[in-house]
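One structure below.
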Amino acid sequence: MEKQSPEPAQLSDVEVTAVAFGGKGIARVEGKVFFVADAVPGDVVDIEVTGDSGRYADAKITKFAKPSSLRGKSPCAFSERCGGCQWHGIPYEQQLAWKRQFVETALGRIGKVEASVPVAISGSPETLEYRNRIFLRGVFASDGGVTFGYFRRGSRDLVPVDRCAIAATTINRVLARVGSAKFSRPASLRTSTPYRMELQEIPPQPDSSGHPAGEPQVIITVYPPSPDCRDLDAFVDGLRQTEGVFWAGLIKDLKTAPLVVFDEHGQLQYHTRPGQFQQVNVSHNRMVRSLVHELVEGYNPKRILDLFCGSGNLSLGLCRSDRYVEGIEFSETAIATARENVRINKVTNALYLSGSSEKHLWKCAKKGEQFDVVIADPPREGMFKDLIPLQKIGARAIIYVSCDPATLARDLGALIRGGYQLKSVRTFDFFPNTWHVETVAVLERADGISG
Ligand SMILES: C[S@@+](CC[C@H](N)C(=O)[O-])C[C@H]1O[C@@H](n2cnc3c(N)ncnc32)[C@H](O)[C@@H]1O
């Protein structure tokens, strides 16, 4: 006889009392913790368990018995269906308080860092239309129209959107144009196959005299279902003809994509290429960059190492003729752009290298190379298991920029056990209306440890 899987457990009138990093509401029922997707403190909900590991379980809301009084009107028509922002309509001060709490909790619980360092938080100047880069999906209709949208959270169901409340105005303008246009429909691409697209706003680009001219525009990178798929060529040509589109192309054509300015800050032009990693909130990125510069300058360093440097976003502005700056980054294309940034801005004494930060640190440690200050801005996974080479290169200070409080806390804990002291922690809200958070932590070498 066929074995039937048991019905998922259902619970009624569960009160959500807290929120966890990752955006799930926390509810406790008879000593068991439930992480409830899309719930916020104050919600009383009926839930269905979606995964159970004994003391903890994941759950989804099946019915609101009483929505939280924190829930206001969402400024986005799609927020209840699309997989993006969980916190539209929640007062911004409350969002900031939760984000600060994520960092404090992670530092205490995971890093075992004493609560002696207060966690400060800076809100974003804009809470809507702040993203200068979004990832959408597109699906062709039989008449050549294209439906754009986001996948519903945890599924591959497309939620069509004609605007995104957190995307820059220019992106929304272009989205409206391409959403109402007709393209030459691909002959063989299945209409139901959603392909991924990245839309990035760029500011007015320099004219022949080097000064920014015109309006902000959009660059579009299309990721076809398979790398050798040419079915979207005609679609890409159509995108290129769209008003407000500076460049459009397939991900595999990026070698021929133009270098564009994505920010001008402190006398420097920061460049990027379509498809390359860049921070998505330009005004907040400037705040973080300025803070990193101020912190680093406070140590008056002669030698700076920028780990996970991307295209030089955090360290380009620290280059001087009497100082050496070295950056290391996995992505060869990001390093090519970092070198263009060095050339175009006439920066001296900077060396940007492609490779693994960890291997590079070991190489430096073995050669006995020393640095005064290290900047580290790793991806979500944090640094690496072995932080010994980082301790060996003698840096007086490590400025750690993180997008994940849990891995930040883990790495800070290890560095503190290795002889560093935590001096300050500042959290930034790059991503209003979502649970994401960015943190800058400063570690100083305690007196007396040798490299
Ligand atoms: C959060 S981004 C920061 C980039 C840059 N600091 C910025 O502000 O734009 C992290 C970067 O680390 C790079 N990366 C990831 N793992 C790496 C590793 N093990 N070694 C070197 N770079 C790595 C990624 O390619 C990415 O560019």
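Our numbering puts the first residue of the sequence shown at 9, with every later residue one more than the last.
Here a beta-carbon is modelled for each residue, glycine too, at the ideal position from N, C-alpha and C.
Relative to the C-alpha of Val356, which candidate in Ser329, Glu334, Ser364 has its C-alpha closest?
Reading off the sequence shown, one finds Thr at residue 356, where the question assumed Val. The shortest Cα separation from Thr356 among Ser329, Glu334, Ser364 belongs to Ser329.
Could you give the DSSP three-state label for Pro440: helix, strand or coil?
coil
Ignore the nearest five residues each way along the sequence and tell me which others in Asn180's own chain have a CB closer than 7 angstroms to its CB.
If the five residues before and after Asn180 are omitted, its C-beta is found closer than 7 angstroms to the C-beta atoms of Arg171, Cys172, all from its own chain and listed in chain order.
What's the gap between the Cα of Gly335 and the Cα of Cys317?
5 angstroms
Using CA coordinates, which residue listed in Ser188, Asn140, Gly162, Arg139 is at the minimum distance from Gly152?
Ser188
Say yes only if the C-beta of Phe42 is nearer than 6 angstroms to one or more non-hydrogen atoms of ligand 1, and no if none qualify.
no
Beta-carbon separation of Leu267 and Pro282 under 7 angstroms?
no
Which residue from Val244, Leu420, Leu322, Tyr360 puts its Cα closest to that of Leu299?
Leu322
Roughly how many angstroms lie between the CA atoms of Gln277 and Trp106, to the nearest whole one?
Note on geometry: alpha-carbon atoms of Gln277 and Trp106 lie some 35 angstroms from one another.
Which residue or residues does DSSP assign as beta-bridge partners of Gln208?
Gln208 is bridged to Arg141, Ile227.
Give me the residue from Leu303, Cys237, Arg141 with the minimum Cα distance to Asp380.
Leu303
Separation of Ile129 from Ser77, as counted between CA atoms
24 angstroms
Compute every distance between the C-beta of Asp385 and the non-hydrogen atoms of ligand 1, then say whether any falls below 6 angstroms.
yes
State the Cα-Cα distance for the pair Thr435 and Val448, rounded to the nearest angstrom.
6 angstroms
Look up Pro202 in the DSSP assignment and say whether it is helix, strand or coil.
When secondary structure is reduced to three states using DSSP, Pro202 falls in the coil class, being assigned neither helix nor strand.
Val24 versus Asn441, Val37, Tyr158, residue with shortest Cα-Cα distance
Val37
Confirm, please, whether the CB-CB distance from Ala28 to Phe42 is below 7 angstroms.
no
Please report the distance separating the alpha-carbon of Phe156 from that of Gln208.
15 angstroms
For the beta strand (DSSP E) holding Arg36, just list the boundary residues, first then last.
33-37
Could you tell me which residues DSSP puts in a beta bridge with Leu52?
For the sequence presented, residue 52 should be read as Val rather than Leu. DSSP, once it has assigned bridges, lists Glu23, Lys74 as partnering Val52.
Whole alpha helix (DSSP H) elements within the segment 289-372, 4-residue minimum:
290-305, 340-352
DSSP three-state label for Arg434, please.
strand
According to DSSP, residues forming a beta bridge with Gln413:
With the sequence shown as reference, residue 413 is identified as Pro, and Gln is not the correct amino acid for it. The partner list for Pro413 (beta bridge, DSSP) is empty, contrary to what the question assumes.
With a threshold of 6 angstroms (Cβ to nearest heavy atom), would Gly390 be considered close to ligand 1?
no
When you measure from the CB of Gly283 to every non-hydrogen atom of ligand 1, does any distance come out below 6 angstroms?
At a threshold of 6 angstroms, Gly283 does not count as near ligand 1, since its beta carbon sits no closer than that to any of the ligand's heavy atoms.
Can at least three beta-carbon pairs, one atom from the segment 233-242 and one from the segment 212-219, be found at a separation below 8 angstroms?
Contact fails between the segment 233-242 and the segment 212-219, because fewer than three Cβ pairs, one in each stretch, are under 8 angstroms apart.
Let me check you understand the geometry: is the CB of Glu206 closer than 6 angstroms to at least one non-hydrogen atom of ligand 1?
no
Nearest-angstrom Cα separation, counted from Thr58 out to Ala45:
Ala45 and Thr58 have their C-alpha atoms some 10 angstroms from each other.
From Trp370 to Ala175, what distance separates their C-alpha atoms?
41 angstroms
Let me check understanding here. Comparing Cα to Cα, which of Thr250, Ser291, Gly252 lies closest to Asp271?
Ser291
Is Ser298 near ligand 1, going by C-beta to nearest heavy atom under 6 angstroms?
Incorrect: Ser298 has no Cβ contact closer than 6 angstroms to ligand 1.
Taking 8 angstroms as the threshold, find out whether the segment 416-427 comes into contact with the segment 157-165 through three or more Cβ pairs.
no
With respect to the beta strand (DSSP E) encompassing Trp95, which residues constitute its N-terminal and C-terminal limits?
Unbroken run through Trp95: none, as it is neither H nor E.
Beta-carbon spacing of Ser319, Thr345 below 7 angstroms:
yes
Between Gln249, Gln275, Phe191, which lies nearest to His219 when the distance is taken from Cα to Cα?
Gln275
By DSSP, does Lys190 sit in helix, in strand, or in coil?
It is a strand residue.
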